[in-house]
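Following: one structure in structure tokens, then a few remarks.
2 protein chains.
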Amino acid sequence: MRVLVKELGSYIERSVEVKGWVHRIRELGGISFVLLRDRTGMVQLVYEGKVSFTQESVLSVQGTVRKNEKAPGGLEIHVANTEILAQAHPDLPIPVNQEPEKLSLEALLDHRMISIRIPKIRSIFRVQSTILKGFAEYLRQNGFTEIKTSKLIGSGTEGGTGLFSVEYFDTRVYLAQSPQFYKQAMISSGMERVFEIGHAYRAEKHDTPRHLNEYVSLDVEMAFIETEHELMDLEQGILNHVFRLVKEENGEDLEVYKATVPTADEVNRIPRVTYDEAKEIISKEGGRKVFDINPEGERILCDWAVKEHGVDAVFVYAFPRKKRPFYAYPEGQKTRSFDLLFRGLEITTGGRRIHQYEMLLDALPKFGLTPEGLGGYVDIFKYGCPPHGGFAIGLERLTQKILGLSNVKEASLFPRDRKRITP
Amino acid sequence: MRVLVKELGSYIERSVEVKGWVHRIRELGGISFVLLRDRTGMVQLVYEGKVSFTQESVLSVQGTVRKNEKAPGGLEIHVANTEILAQAHPDLPIPVNQEPEKLSLEALLDHRMISIRIPKIRSIFRVQSTILKGFAEYLRQNGFTEIKTSKLIGSGTEGGTGLFSVEYFDTRVYLAQSPQFYKQAMISSGMERVFEIGHAYRAEKHDTPRHLNEYVSLDVEMAFIETEHELMDLEQGILNHVFRLVKEENGEDLEVYKATVPTADEVNRIPRVTYDEAKEIISKEGGRKVFDINPEGERILCDWAVKEHGVDAVFVYAFPRKKRPFYAYPEGQKTRSFDLLFRGLEITTGGRRIHQYEMLLDALPKFGLTPEGLGGYVDIFKYGCPPHGGFAIGLERLTQKILGLSNVKEASLFPRDRKRITP
């Protein structure tokens, strides 16, 4: 029976079978020291003489567990039998037993099938898996139902720009930018509280460290709210749960990146400033009057939040109507919408939505839209929709910011950008 | 503070606020009886005289909870104050307070934004939410990591047929049929055990009660297996967990459909027959020799399993090589692959995969494929990949079969077929 590396401490002086990948081979004075990697860690194997397998080969090994303070983890296995389950070719295109920082992002992504073997890179995706768990778990505990909605939409719903088109039999459809209309439909159905974890697509041409053309959107929508502040409360609850789980389950992954997650106290004191207040803060802190919040302004705002509130995050609300989509709930020239900036980056956009049919019909022409152009969308509101709102968290951006990665593409297993469509 | 309908039993003779949708209005002897629906149930509101709101309008109501044995659920609210949060137009295109069986599937799907208000239809998606939870929960408990992989692929990976093409800036990509290559990449990375919940696309022209052009695939892949039987064991574990949760959390939803889930004893005795044995059984039970397993054969096999093993499901394994994709692990003219049939329908395909580089290179030309045509896929195996395998469960098919729905489209919120691209 196979024993996992993390369990070896219970098998000292006993014979075990371990399985894994050859991470490193080192010969010293007629002895080969082989570092074997499995999903739970690494252990040193000790062989008399040379070994016949290459780095990254997959082995099944039987031997005796011995204590050795000099070995990584304090244990080693003196090998009795080795079965080579797969012999790796010796021409690895990139090294996998070094720090990934020694390679360019291009090299890491060009050779993605190999770079995912680098343990530090796998840490990113273990953290991501915990985020997925925490997001769903918290919402389920709070009465939300998970939904899955179509990513193929018949019309360009949020204005028609930035959509990828798909040849669909004899017609043409588009890849959805967000499940916005569907989650609104579901809360109006009487489900009241829904969430969706799914891919979203933006056909934006710019290539920045903040953008992906395909990303995973963590979407939430809830009925019977009165203001956007209830949504910010909910997001703080989600983040607290996610951060607590990441801390509990990914301690080693965080350590590899010298990263920490905010405490609940920190999350609970994330300041909430209006769009106009935010511009004033940026102007004052940045020493130059701004008329908009750009990426640099987002960083300045977060620095201000660290200084004034001891947390590297800010909610910005009351965005002007012209900066938000047609469905944002208006309040004069402003809207009941918000963003969450975390460690200098916008990771969430959300807000209360228009739920009154007449108000919606009134809003559409202001945005150059017609009820017919939106498919069955307006029917959601024609037949009774409660006050509601929601938001979306970008999974890759949240992962990036938790670990302090410099480019969001690092937080996507197989990222897509304007030029990258493989592997 | 709002009280949910299911909590009203604790508020008898007390004043409460409830919120929800007007499910039905009935006037009788100068009194209006209004059935109010929220996400947890329905309660009768009692009004003196006529009411000013329409069916499906959304209300916030204050009143006193009274016992009344004649009221649905045994309680009713004598209303003091009503706020109409949204007045519904009176021309509902389809009735939402009747059984959905009175409407055609076409009508239910054409008016999907409205038909999702029918409580019996929402039950389907509450069950589906629990399946999603149970699948992920069981796998996490067993050391699996959740991954999210790209649905935009640079080449037609599994043969090139049946793919939707996407205009991607100046080039063309395809919607992925499955995350097969990516999950294999991830297990080879050292993650060993991964799962993914994501959309999958099949550009198949036929329109049957078994097919969707876009569906949600519950994908699993694990390293260090020796035979496909370990995968069937894992699937039985997943199903047992999912069925137990559905029974616990969706008792009312099951009841609405007069549905039951198999017990653990039943799941554990699902028979495993080879492809050749399966054909013999079908020939014998059907009274006519068959040379293939078609949908009718799948139903006959399940009927046989009920009769012989007391469970409405069968694993079929050892499929011939020509019936499986190139990556299926060969065993002479057969493969180490399997299907799971549940209640007459194939809900899973899986198996052990080829993990040796040389065996893979040998297999490709037999299927008309080249290493270059598969992007970086062959690198997964060139640099050391453990023996492994996996499978995928169709979310909508499992939902359909749990509830006994006659068409898989009923188990998709916004299904896509050759002609249906809205809403």
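Heads up: the sequence lines are chains A and B, in that order. Note that my numbering gives residue 34 to position 34 of the first sequence, counting from 1, and the numbers run on in steps of one. Note that my numbering gives residue 426 to position 3 of the second sequence, counting from 1, and the numbers run on in steps of one. For every residue, glycine included, the Cβ atom is placed at its ideal position computed from N, Cα and C.
Quick one: list the residues of chain A neighbouring residue i, beta-carbon separation under 8 Å, in chain order.
i: L662(B); result: None at all; the shortest Cβ gap to chain A is about 19 Å.
i: G798(B); result: T422, P423
i: S601(B); result: Neighbours of S601(B) on chain A: none; closest Cβ ~14 Å, over 8 Å.
i: I803(B); result: M113
Can you give me the Cβ contacts of residue i inside the same chain, cut-off strictly under 8 Å, excluding the 5 residues immediately before and after it?
i: S578(B); result: Y597, G796, L797, G798
i: Q333(A); result: P320, R321
i: I114(A); result: L92, P93, I94, V96
i: K70(A); result: none
i: F837(B); result: R535, P846
i: E436(B); result: T487, V488, R489
i: G389(A); result: E221, M222, I225, E228, E230, L231, Y329, R336, G350, G351, R352, R353
i: G198(A); result: K148, T149, K151, P179, V216, S217, D219
i: G162(A); result: Q177, R202, A203, E204
i: G310(A); result: E266, R269
Name, please, each residue of chain A whose Cβ falls closer than 9 Å to the Cβ of residue i.
i: P810(B); result: V58, L85, A86
i: H501(B); result: Correct list: empty, because the minimum Cβ distance to chain A is about 22 Å.
i: G733(B); result: Those do not exist, as G733(B) stays about 32 Å from chain A at its closest Cβ, beyond 9 Å.
i: R667(B); result: Those do not exist, as R667(B) stays about 16 Å from chain A at its closest Cβ, beyond 9 Å.
Could you tell me whether the Cβ of residue i comes closer than 8 Å to any Cβ of chain A?
i: L598(B); result: yes
i: Y806(B); result: yes
i: K429(B); result: no
i: Q779(B); result: yes
i: Y605(B); result: yes
i: T505(B); result: no
i: L515(B); result: yes
i: E719(B); result: no
i: R549(B); result: yes
i: R563(B); result: yes
i: M536(B); result: yes
i: S552(B); result: yes
Once you ignore the five residues that flank residue i on each side, which residues in its own chain have a CB closer than 7 Å to its CB?
i: I153(A); result: V173, Y174, A176
i: E658(B); result: L763, T771, F814
i: Y434(B); result: V426, V488
i: D676(B); result: S546, R549, V550
i: M191(A); result: T145
i: T399(A); result: I124, V127, Q128, I131, A411
i: A259(A); result: I402, L403, G404
What residues from chain B crowd round residue i, counting only those whose CB sits closer than 7 Å?
i: R416(A); result: S573, L575
i: F224(A); result: R425, K442
i: M191(A); result: R462, R545
Checking contacts by CB at 8 Å: is residue i closer than that to chain B?
i: S165(A); result: yes
i: H229(A); result: no
i: K133(A); result: yes
i: F331(A); result: Reading off the sequence, residue 331(A) comes out as Glu, not Phe. Not an interface residue.
i: H185(A); result: Reading off the sequence shown, one finds Ala at residue 185(A), where the question assumed His. Yes, A185(A) lies at the interface with chain B (some Cβ there is under 8 Å from its Cβ).
i: T349(A); result: no
i: R441(A); result: The question about residue 441(A) has no answer here: the residues shown for chain A are numbered 1 through 423.
i: E146(A); result: yes
i: L413(A); result: yes
Excluding the 5 residues flanking residue i on each side, which residues of the same chain have their C-beta closer than 6 Å to its C-beta?
i: D735(B); result: C725, V729, R766
i: E76(A); result: Q44, V46, R66, N68
i: Q607(B); result: I803
i: A741(B); result: T697, Y698, K757
i: P371(A); result: V378
Is residue i near the ligand SAM, in the sense that its beta carbon is under 7 Å from a heavy atom of that ligand?
i: E346(A); result: Absence of the ligand SAM is noted for the structure shown, with no ligands found whatsoever.
For a contact meaning CB atoms closer than 9 Å, what does residue i contact in chain B?
i: Y168(A); result: F587, A626, N636, R839, R841, I844
Assuming the contact rule is C-beta atoms closer than 8 Å, residue i and residue j should be a hit. Round their C-beta distance to whole Å, please.
i: S165(A); j: E754(B); result: Their Cβ separation, rounded to whole angstroms, is 44 Å, which puts S165(A) and E754(B) out of contact at 8 Å.
i: R425(B); j: E440(B); result: 5 Å
i: V481(B); j: V457(B); result: Contact doesn't hold; Cβ gap of about 12 Å is too wide.
i: W727(B); j: E708(B); result: 5 Å
Report the neighbours of residue i on chain B: residues whose CB is nearer than 8 Å to its CB, in chain order.
i: T171(A); result: I844
Note to self: Along the stretch 206 to 218 of chain A, where does the CB come closer than 7 Å to a CB of chain B? Name the residues.
What the structure shows: E214, V216
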